[in-house]
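Engineer: So that we are looking at the same thing, I have put the structure below in structure tokens.
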Amino acid sequence: MADKNYVIEIEKSKEAANGRPSVGPVYRSVFAKDGFPTPPEGMDTCWDIFRLSVEKYPQNQMLGRREIVDGKAGQYVWRTYKQVYDEVLKIGASIRSCGVDPGGRCGIYGVNCPEWVISMQACNAHGMYCVPLYDTLGAGAVEFIINHAEVSIAFSEEKKIIEVLKTLPNTTNFLKTIVSFGEVASENKQECEKFGVAIYSWNEFLQLGDNKQFELPIKKKEDICTIMYTSGTTGDPKGVLISNKSILTLIAGVGKLLQSVNEQLTAKDVYMSYLPLAHIFDRVIEELFIYTGASIGFWRGDVKLLVEDIGVLKPTIFCAVPRVLDRIYNGLTEKISKGGLLKSTLFNIAYSYKQHNMQKGSKHEEAARIFDKVVFSKVKQGLGGNVRLILSGAAPLANHVEAYLRVVTCAHVLQGYGLTETCAGTFVSLPNEPSMLGTVGPPVPNVDVCLESVPEMGYDANSSTPRGEICVRGDTLFSGYYKREDLTEEVLVDGWFHTGDVGEWQPNGAMKIIDRKKNIFKLSQGEYVAVENLENIYGLVPEIDSLWIYGNSFESFLVAVVNPNKQALERWAEDNGISGDFTALCSNSKAKEYILGELNKTGKAKKLKGFEFVRAIHLEPEPFDMERDLLTPTYKKKRPQLLKYYQSVIDELYKSSK
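If you read the sequence shown in the numbering used here, its first letter stands for residue 49, the second for the next number, and so on.
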């Protein structure tokens, strides 16, 4: 590690033992040199986070949604912490009056909204397991989760009720009550009656617990507060058991980190809630905002209206997945290219000037004050005008997108890394550290991290550039996979969680994700290919949005299905006198040659070995998506499903390239 780094070594390297690979030194954040931060006295559970904030900030705005008048969305209307608390107690009493006791399982299904959070807090109050339900895990996932987690009551967005009803009668051994976030259609009531399941509108359910008293049970740190199902890329979803302690530890660590870099949250901060609460990333961010007494505004559930919602809410913190930031990047670059010579020239001068100063060590807010006001303020206003932190997580963010947004948004752009099993936050990059571009930063100050060598992939945790599987230890870790001790034992070894991701320590203590341990296969000539690493390298090509590389032990070369960048391909076609819409261009042989040529240029520049070059490609106009079961909800590629979907394409690529 270099002189200036953000980690400290706490344990030495270990030689291979008991047949396991060798392990590199154990590191933790320099911000935890005096020990890990702990939650305040008296804060033992997620319920305490909310309860104490209600006591401290009763009149603060907590949950807001846009008022709809005559079909048009107006300003945000807010409920205070005290108003939300009163409604939570009512919902909790109603749940208990349905016979659901502490330790019971409560499903929540639908896009983020105040009712989602209120239902979740009612679970926290009464020591019930909150079980998010979501259909993006694949066909039959809602039914599987209800049965696997033994969900007895399900809260649902009004338009998702039909999906819950599709699980009947297969779920009636457990599911006894359905509650709509809105109204209930008469045909849905009839369907429920047929199977002996009770169904209520939100307002009906609120009154169910009237005049009934239920004492809040004593809850402990170690108690499970949620079972969060993750897709993985094969097999049934896995139920990740997350305790109060995990979430509280994460919040304490993130609080310490933000304080250490002078970016701590305050009660005046505002958050846009649109990333799914069914995922750990958004869940812990919202818990952090509640802990601070800050405000959470909800989107309208339509990605096409998100920018408008942001403009009205004016959030101070914006969390995103790379796909959202890619859209913002593409929108900005297209706007600038169409803005005329004068505007684009001024923009490019401003960009180069500010980027140069930032790379020399200037803080982003000091690097180009005049250009920020004259040029980049328009970009800032596009995100509401108040955003000071943009946090990207769930999947890798392309370097060129991260570098661009760092300059033009007038905000810190930070990339983080974590899994459901690590309660989301494990690494996060730091503000005003240009050297952390393309990395996920150092560990959050509540975990220990080491690398374990992966000999079969040539990764050595003790080499001069340490590389290996990322292993994490600490109180943020999950409590196991529900009803799957076998899977738990596979990934939790001697207190260390094995992530399956391959990382590379940087000289400054930041971590760079370079590969995925399991995504390795052998070509017919015996050469091993680390496919995720190759996809990351080829992903640097600006003319493409995404690609899936395929090979197997019966073939000697690689092929790929590529999502080309629409603007880039259309610009190339215009420059070369080729007509046709985007779909037609994707079928054009010259377009394929052009994109393959760009991939090869990058392959040569990155000094890839001969067998790592892609020999043939198929251009796919439709982006890989969850609807066709090609991606997980966190945008990881489902390789077996991709192969099944594109089998005929792959067969033709190999046939025509021999």
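Glycine is no exception: its CB is placed at the ideal position from the N, C-alpha and C atoms.
Closer than 6 angstroms by C-beta to Pro671: which residues in its own chain qualify, once you throw out the five before and the five after it? Chain order, please.
Structural biologist: Residue mapping note: residue 671 aligns to position 623 of the sequence shown, counting from 1. Within the same chain, Pro671 has close Cβ partners Asn611.
Engineer: Could you check where the alpha helix (DSSP H) with Thr631 kicks off and where it finishes?
Structural biologist: Start at 1 with the first residue of the sequence shown, and residue 631 comes out as number 583. Start and end: Phe630 to Cys634.
Engineer: Within the same chain, show all residues whose beta-carbon is closer than 6 angstroms to that of Tyr530, passing over the 5 residues directly before and after it, in chain order.
Structural biologist: On the sequence shown, residue 530 is found 482 positions in, with the first residue counted as 1. Cβ neighbours of Tyr530 beyond the five flanking positions: Ile275, Gly287 and Leu289.
Engineer: Going by the DSSP bridge assignment, what does Asp563 pair with across the sheet?
Structural biologist: As a first step, residue 563 must be located in the sequence shown, where it is residue number 515. DSSP output for Asp563 lists Val550 as bridge partner(s).
Engineer: Please name the residue, chosen from Arg331, Gly551, Lys614 and Leu525, that lies closest to Leu540 on a Cα-to-Cα basis.
Structural biologist: As a first step, residue 540 must be located in the sequence shown, where it is residue number 492. With distances taken between Cα atoms, Leu540 lies closest to Leu525.
Engineer: Please determine, among Asp92, Leu223 and Gly112, the residue with the shortest C-alpha to C-alpha distance to Gly175.
Structural biologist: If you number the sequence shown from 1, residue 175 lands on position 127. For Gly175, the nearest C-alpha among the options comes from Asp92.
Engineer: Given 7 angstroms as the limit, tell me if Tyr277 has its C-beta closer than that to any heavy atom belonging to the ligand FAD.
Structural biologist: Ligands displayed in this structure: none; no statement on the ligand FAD is therefore possible.
Engineer: With which residues is Ala664 paired in a DSSP beta bridge?
Structural biologist: Mapped onto the sequence shown, residue 664 falls at position 616. Bridge partners of Ala664: Val607.
Engineer: By DSSP's criteria, Trp95 is part of a beta bridge. Which residues make up the other side?
Structural biologist: Sequence index remark: in the sequence shown, residue 95 carries index 47 (1-based). DSSP output for Trp95 lists no bridge partner at all.
Engineer: By Cβ distance, which residues of its chain are closer than 8 angstroms to Phe366, with the 5 residues on each side in sequence left out?
Structural biologist: Sequence index remark: in the sequence shown, residue 366 carries index 318 (1-based). The answer, listed in chain order, is Met320, Ile358, Leu431, Val435, Leu437, Ile438, Leu439 and Ala459.
Engineer: Phe630 and Glu618 look like a contact to me (Cβ under 8 angstroms); what is the Cβ gap, rounded to whole Å?
Structural biologist: Translated into the one-based positions of the sequence shown, residue 630 becomes position 582. Translated into the one-based positions of the sequence shown, residue 618 becomes position 570. Confirmed, Cβ separation roughly 7 angstroms.
Engineer: Start and end of the alpha helix (DSSP H) containing Glu500?
Structural biologist: Indexing the sequence shown from 1 puts residue 500 at position 452. Glu500 -> not in any alpha helix (DSSP H); beta strand (DSSP E) instead, spanning Asp496 to Glu500.
Engineer: Alpha carbon to alpha carbon, how far is Phe79 from Ser308?
Structural biologist: Here residue 79 is taken as the residue at index 31 of the sequence shown, counted from 1. Here residue 308 is taken as the residue at index 260 of the sequence shown, counted from 1. Cα-Cα distance, rounded: 7 angstroms.
Engineer: Can you tell which of Lys224, Pro217, Lys208 and Trp553 has the C-alpha that lies nearest to the C-alpha of Gly230?
Structural biologist: As a first step, residue 230 is located in the sequence shown; it is residue number 182 there, counting from the start. Nearest option by C-alpha distance: Lys208.
Engineer: Considering only C-alpha positions, which residue in the set Tyr105, Leu100, Glu103 and Arg127 is nearest to Arg113?
Structural biologist: For the purposes of this step, residue 113 is identified with residue 65 of the sequence shown, where counting begins at 1. Nearest C-alpha to Arg113: Arg127.
Engineer: Give me whichever residues DSSP pairs with Phe366 in a beta bridge.
Structural biologist: As a working note, residue 366 is residue 318 in the sequence shown. Looking at the DSSP assignment, Phe366 forms a beta bridge with Ile438.
Engineer: Report the partner residues of Thr274 according to the DSSP bridge assignment.
Structural biologist: One-based indexing of the sequence shown puts residue 274 at position 226. Answer by DSSP bridge pairing, in chain order: Cys178 and Ile290.
Engineer: Along the beta strand (DSSP E) that carries Ser204, what are the first and last residues, could you check?
Structural biologist: Sequence index remark: in the sequence shown, residue 204 carries index 156 (1-based). Looking at the DSSP string, the run of the beta strand (DSSP E) that includes Ser204 is Ile201 to Ser204.
Engineer: Taking C-alpha atoms, which residue in Thr220, Pro217 and Phe253 lies nearest to Val232?
Structural biologist: The residue you call residue 232 lines up with position 184 of the sequence shown. Closest option to Val232, Cα to Cα, is Phe253.
Engineer: Let me check one thing: in DSSP terms, what residues is Glu517 bridge-paired to?
Structural biologist: Here residue 517 corresponds to residue number 469 of the sequence shown, with the count starting at 1. For Glu517, which the question treats as bridged, DSSP gives the partners Glu500 and Val550.
Engineer: In this structure, does DSSP put Val71 in helix, strand or coil?
Structural biologist: Translated into the one-based positions of the sequence shown, residue 71 becomes position 23. The answer is strand: DSSP assigns Val71 an E or B state.
Engineer: At a cut of 8 angstroms, does the segment 232-251 reach the segment 115-132 through at least three beta carbon pairs?
Structural biologist: No: the two stretches stay apart, fewer than three of their Cβ pairs being nearer than 8 angstroms.
Engineer: In chain order, what residues of the same chain have a beta carbon less than 6 angstroms from the beta carbon of Gly473, not counting five sequence neighbours either side?
Structural biologist: As a position in the sequence shown, residue 473 is number 425, starting the count at 1. Hits under 6 angstroms: Leu298, Val302, Gly466 and Val492.
Engineer: Please state if the CB of Asp523 and the CB of Asn494 are separated by a distance shorter than 8 angstroms.
Structural biologist: Along the sequence shown, one-based indexing puts residue 494 at 446. Along the sequence shown, one-based indexing puts residue 523 at 475. Their beta carbons are under 8 angstroms apart, which means Asn494 touches Asp523 by this criterion.
Engineer: DSSP three-state label for Ser627, please.
Structural biologist: Counted from its first residue, the sequence shown places residue 627 at position 579. Coil at Ser627, not helix or strand.
Engineer: By the three-class DSSP mapping on this structure, what secondary structure does Phe475 have?
Structural biologist: Against the sequence shown, residue 475 aligns to sequence position 427. Reduced to three states, the DSSP call for Phe475 is strand.
Engineer: Spatial neighbours of Val609 within its chain, please: C-beta separation below 6 angstroms, excluding the five flanking residues on both sides.
Structural biologist: If you number the sequence shown from 1, residue 609 lands on position 561. Only Trp596, His666, Glu668 and Tyr694 meet the Cβ criterion.
Engineer: If the criterion is Cβ atoms closer than 8 angstroms, does the pair Val136 and Gln109 meet it?
Structural biologist: Here residue 136 refers to the residue found at position 88 of the sequence shown. Here residue 109 refers to the residue found at position 61 of the sequence shown. Taking 8 angstroms as the Cβ cut-off, Val136 and Gln109 do not qualify as a contacting pair.
Engineer: If Ile143 sits next to Cys154, beta carbons under 8 angstroms apart, how far is it from one beta carbon to the other, in whole angstroms?
Structural biologist: In the sequence shown, counting from the first residue as 1, residue 143 sits at position 95. In the sequence shown, counting from the first residue as 1, residue 154 sits at position 106. That belief holds up - the Cβ atoms of Ile143 and Cys154 are roughly 7 angstroms apart, short of 8 angstroms.
Engineer: What number of angstroms, rounded off, separates the C-alpha of Lys130 from the C-alpha of Leu361?
Structural biologist: Against the sequence shown, residue 130 aligns to sequence position 82. Against the sequence shown, residue 361 aligns to sequence position 313. C-alpha separation (whole angstroms): 21 angstroms.
Engineer: DSSP has Gln463 in a bridge; who is on the other side?
Structural biologist: Working through the sequence shown from its first residue, we reach residue 463 at position 415. In the DSSP output, where bridge partners are listed per residue, Gln463 has Ser440.
Engineer: Between the Cα of Gly587 and the Cα atoms of Val476, Gly651, Arg68 and Phe262, which residue gives the shortest distance?
Structural biologist: For the purposes of this step, residue 587 is taken as residue 539 along the sequence shown, with counting starting at 1. Of the listed residues, the one whose Cα sits closest to Gly587 is Gly651.
Engineer: Between the alpha carbons of Ser410 and Ser425, how many angstroms are there, rounded?
Structural biologist: Sequence index remark: in the sequence shown, residue 410 carries index 362 (1-based). Sequence index remark: in the sequence shown, residue 425 carries index 377 (1-based). Their backbone Cα atoms lie some 19 angstroms apart in a straight line.
Engineer: In or out: Ser601 buried (at least 16 other Cβ within 10 Å) or exposed?
Structural biologist: Sequence index remark: in the sequence shown, residue 601 carries index 553 (1-based). Label assigned to Ser601: exposed.
Engineer: With 16 as the cutoff for other CB atoms within 10 Å, does Lys293 come out buried or exposed?
Structural biologist: In the sequence shown, residue 293 corresponds to position 245, counting from 1. So Lys293 counts as buried.
Engineer: Whole angstroms are fine: how far does the CA of Leu223 sit from the CA of Ala246?
Structural biologist: Taking the sequence shown and counting its residues from 1, the one referred to as residue 246 is at position 198. Taking the sequence shown and counting its residues from 1, the one referred to as residue 223 is at position 175. Using only the alpha carbons, I get a separation of about 9 angstroms.
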